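Asks:
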Amino acid sequence: MIYEKELYHNLILHFPIALLVIGYFFDFASVAFKNDLFYKFSFWNLGLGIITGIFSIITGFIKDNANVKSHITNPFDIWTTHGSNMIVAIILFYVIFIVKFYWGSIVNRKLLLFFHTLVICFFIHGADLGAKLAGRLF
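Take the sequence shown: its position 121, counted from the start at 1, is 121 in this note's numbering, and no numbers get skipped.
#1: What's the C-alpha gap between residue 116 and residue 134?
#2: Tell me, to the nearest whole angstrom, how far the beta carbon of residue 89 is from that of residue 126; I am working on the premise that it is less than 8 angstroms.
#3: For residue 80, does the count of other Cβ atoms within 10 angstroms reach 16, so buried, or fall short, so exposed?
#4: In whole angstroms, give me the CA-to-CA distance for residue 60 and residue 83.
#5: Can you tell me which of the three DSSP states residue 34 falls into?
#6: Is it buried or exposed, residue 56, if we count other Cβ atoms within 10 angstroms and call 16 or more buried?
#7: In terms of alpha-carbon separation, which member of 77, 39, 119 lies closest to residue 103?
#8: Roughly how far, in whole angstroms, is the beta-carbon of residue 100 from the beta-carbon of residue 43, given that I think they are within contact range, below 8 angstroms?
#9: Tell me where the alpha helix (DSSP H) around residue 104 begins and ends.
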């Protein structure tokens, strides 16, 4: 192995963050400019962000198993527990993805953007919790 298995989370976690945030900006641009191409970009970034987010969660559990300090000490406190927050965020992004896939042509895009805004804020909060847990922020 090139890296220890605990380090893979540190390598993978940047992909869902980048893909989901860029997907949000494309979603915002699709509403602002009424452009379907931005909507498609948002859809694909969202899908890839969900896939890489699942891998990031899996590697997070592997890293958490090796650490003394747990990411999910209290799993039902979603607001202060990094692991639970990220799992719920990926599930919410998946809901947005399903709505875009099945009802993308008939759904109110401004309402979907509002929901996407709430989920991206929740996701960024969870990423901040992870950075604090890793000692990168104080």
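Cβ coordinates follow ideal geometry from the N, Cα and C atoms, glycine included. All values derive from a computational prediction rather than experimental measurement.
Replies: So, from the data block:
#1: 27 angstroms
#2: 5 angstroms
#3: exposed
#4: 8 angstroms
#5: coil
#6: buried
#7: 39
#8: 5 angstroms
#9: Taken as a continuous stretch (DSSP letters only), residue 104 belongs to no alpha helix (DSSP H), as it is neither H nor E.
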